[in-house]
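First up is the structure itself, then whatever we jot down about it.
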Ligand code: ADP
Ligand code: ADP
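Numbering (this note's numbering), first residue to last: 110 to 338.
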């Protein structure tokens, strides 16, 4: 479970203060598929990055699976992130010099797995996204949709409890986007909690809850039933 209570975050650049999150409160339960929507600059990415322990915050409380994040030191926080969180970004963020196998291996190297365990996890993850036959290919040899599938495999290979996705289909045409959405729904159905930032209303309606963010706050929470009606 992921629980934020009155979390605030401000950026200060050249003595100009930007309030990115303001008393942001949200509870994400195991098994949820949350879509985060809202205007550009409303704080969606900041929320996702704080959730994924990529960024800190100024005020408030954040519990990740019961652990009070602000009470952890850097090392424990990194360990918690590596164990619990998988990330998927709009721009895939694959390493062009590495083949698919080695790309998926990157986050596993931060974990305690031995070589055989890593190999098994990589093969399973690439199999899950339908790319097991292309392990020796390089990212540039793939379509955008396939590259995003590799990024999803990389995020899943460590069996994270949470998959955090920041506009995962933002760089894909609609057909590839549909494929990636179908894959994310499958992953959620098999037990991974997903939090996804999206601009696409139709995609958001496929989530179990929609969190609408405005001016760094949760403006509205729309539940599945209401969203479909
Ligand atoms: P969204 O993802 O909804 O577009 P962001 O979370 O990226 O919004 O940004 C929220 C606000 O914080 C915006 O006003 C943005 O300009 C500001 N912001 C985000 N990152 C930084 C940063 N590293 N330095 C300064 N301001 C930032
Ligand atoms: P950080 O310094 O934030 O831990 P790096 O800059 O080492 O991450 O990560 C480089 C890239 O490797 C990231 O952009 C991301 O795509 C990937 N990566 C790193 N850690 C993870 C992780 N735990 N899960 C998924 N991908 C990761």
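Cβ atoms here follow ideal geometry from the backbone N, Cα and C, with glycine treated the same way.
Alpha carbon to alpha carbon, how far is residue i from residue j?
i, j, result
"residue 103", "residue 155", "Nothing can be reported for residue 103: it is not among the residues displayed for the chain, which extend from 110 to 338."
"residue 212", "residue 244", "10 Å"
"residue 312", "residue 294", "11 Å"
"residue 129", "residue 149", "11 Å"
"residue 298", "residue 206", "33 Å"
"residue 168", "residue 116", "5 Å"
"residue 328", "residue 320", "8 Å"
"residue 173", "residue 308", "26 Å"
"residue 273", "residue 220", "19 Å"
"residue 136", "residue 160", "11 Å"
"residue 251", "residue 179", "40 Å"
"residue 146", "residue 306", "6 Å"
"residue 230", "residue 215", "12 Å"
"residue 166", "residue 242", "42 Å"
"residue 202", "residue 194", "16 Å"
"residue 316", "residue 183", "33 Å"
"residue 131", "residue 287", "33 Å"
"residue 314", "residue 143", "10 Å"
"residue 113", "residue 157", "11 Å"
"residue 199", "residue 261", "11 Å"
"residue 223", "residue 153", "36 Å"
"residue 111", "residue 333", "19 Å"
"residue 249", "residue 310", "30 Å"
When burial is assigned at 16 or more other CB atoms within 10 Å of the CB, is residue i buried or exposed?
i, result
"residue 118", "buried"
"residue 257", "buried"
"residue 185", "exposed"
"residue 282", "exposed"
"residue 126", "exposed"
"residue 278", "buried"
"residue 122", "exposed"
"residue 301", "buried"
"residue 176", "exposed"
"residue 296", "buried"
"residue 139", "exposed"
"residue 225", "exposed"
"residue 204", "exposed"
"residue 124", "exposed"
"residue 52", "Given a span of 110 to 338 for the chain in the structure shown, any question on residue 52 remains unanswerable."
Check the C-beta distance from residue i over to residue j and give it rounded, since I have them as a contact under 8 Å.
i, j, result
"residue 208", "residue 171", "About 37 Å separates the two Cβ atoms, so there is no contact after all."
"residue 253", "residue 285", "6 Å"
"residue 234", "residue 270", "That belief does not hold up - the Cβ atoms of residue 234 and residue 270 are roughly 16 Å apart, past 8 Å."
"residue 331", "residue 318", "7 Å"
"residue 227", "residue 240", "At roughly 17 Å, the Cβ-Cβ gap does not stay under 8 Å, so residue 227 and residue 240 are not in contact."
"residue 133", "residue 326", "6 Å"
"residue 292", "residue 238", "6 Å"
With a cut-off of 8 Å, does the C-beta of residue i fall near any C-beta of chain C?
i, result
"residue 220", "In the displayed structure, chain C is absent; only one protein chain is listed."
For residue i, list the residues DSSP reports as bridge partners.
i, result
"residue 316", "None; residue 316 has no bridge partner."
"residue 126", "121"
"residue 144", "305 and 319"
"residue 274", "197 and 305"
"residue 171", "113"
"residue 331", "319"
"residue 176", "173"
Ligand 3 and residue i: does any heavy atom of the ligand fall closer than 7 Å to the residue's C-beta?
i, result
"residue 271", "No copy of ligand 3 occurs in the structure displayed; its ligands are ligand 1 and ligand 2 alone."
So which residues touch the region around ligand 1, with touch meaning a C-beta under 5 Å from any heavy atom?
120, 122, 127, 129, 149, 150, 151, 152, 153, 154 and 155
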